[in-house]
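> Mind looking over this structure? Questions follow.
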Amino acid sequence: MCVALYPPPEVGGFTATGDKAHEALKPGGKLILIDVPKESGFASLYNLASAVDTWDHKLLAHISPKDPYPIELVRSANWRTSDEKIELMKAAGLTNFEYAQTLLTHPMFANDKVQEVVEGYDRGDYVAICAQKKA
0 MCVALYPPPE VGGFTATGDK AHEALKPGGK LILIDVPKES GFASLYNLAS
50 AVDTWDHKLL AHISPKDPYP IELVRSANWR TSDEKIELMK AAGLTNFEYA
100 QTLLTHPMFA NDKVQEVVEG YDRGDYVAIC AQKKA
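Positions 0 to 134 (numbering that gives the first Met the number 0) are the ones given, in order, by the sequence shown.
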């Protein structure tokens, strides 16, 4: 069983989301958490847009992504680092971690060419963390 997850706030918080996903998995099932990590260029721009409450601020001129998330979503987001997500998944008892990442260029140029997926989570602006529930 494979569960795709983006931690929504209405589930009761980040830890509750991990716990609920773990409960839903069958033994040996995999959880894939896909998200924009806090340490990424996209999240940095989103946090700045949230702080100034608009995409139309001079600090964001000429550096914003072509099609940014709506400011309403950016305002409500609570970006977390990949390490925080990994620790949450480990605390829930998941093992056998695998990582994939994409969007390896500056957010402003993200739509200019197809970007391949590569292993790891140390430089992508969109990261997938996959782990398995013990059998």
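Ideal Cβ positions, reconstructed from N, Cα and C, are used throughout, including at glycine. Quick caveat: nothing in here was measured; it's all calculated off a predicted structure.
What did DSSP end up calling Asn77 once you bin it into helix, strand or coil?
Correct three-state label for Asn77: coil.
> Suppose contacts are defined by Cβ-Cβ distances below 8 Å. Is Asp34 in contact with Lys112 by that definition?
No, these two residues do not count as a Cβ contact at 8 Å.
> Could you check what DSSP says for Glu38 in three-state terms: helix, strand or coil?
Looking at Glu38 - three-state DSSP - the assignment turns out to be coil, as it is neither helix nor strand.
> Can you tell me whether DSSP reads Tyr212 as helix, strand or coil?
Past the edges of the chain, shown from 0 to 134, lies residue 212, and the structure says nothing about it.
> Could you give the DSSP three-state label for Ile85: helix, strand or coil?
Ile85: helix per DSSP, three-state reduction.
> Under three-state DSSP, which class holds Val113?
Val113: coil per DSSP, three-state reduction.
> By alpha-carbon positions, which one of Glu22, Lys133, Pro106 ends up nearest to Phe96?
Of Glu22, Lys133, Pro106, the residue nearest in Cα terms is Lys133.
> Does the stretch 19–27 touch the stretch 42–56, meaning 3 or more C-beta pairs lie closer than 8 Å?
No: the two stretches stay apart, fewer than three of their Cβ pairs being nearer than 8 Å.
> Counting only the same chain and skipping the five closest in sequence on each side, list residues whose C-beta sits under 7 Å from that of Ala42.
Here the set comprises Val35, Pro36, Trp78.
> Alpha carbon to alpha carbon, how far is Met88 from Arg122?
About 20 Å.
> So what does DSSP say about Tyr125, is it helix, strand or coil?
Three-state DSSP puts Tyr125 in a strand.
> Taking Val126 and Ser81 to be in contact with their CB atoms under 8 Å, please state how far apart those CB atoms are, rounded to whole angstroms.
With 8 Å as the limit, Val126 and Ser81 qualify as a contact, their Cβ atoms being about 5 Å apart.
> Would you say Tyr68 faces chain B, with C-beta separation under 8 Å as the test?
Absent here is chain B; the protein component of the structure consists of one chain.
> Starting from Thr101, trace the beta strand (DSSP E) in both directions and tell me its first and last residue.
That run of the beta strand (DSSP E) goes 93–101.
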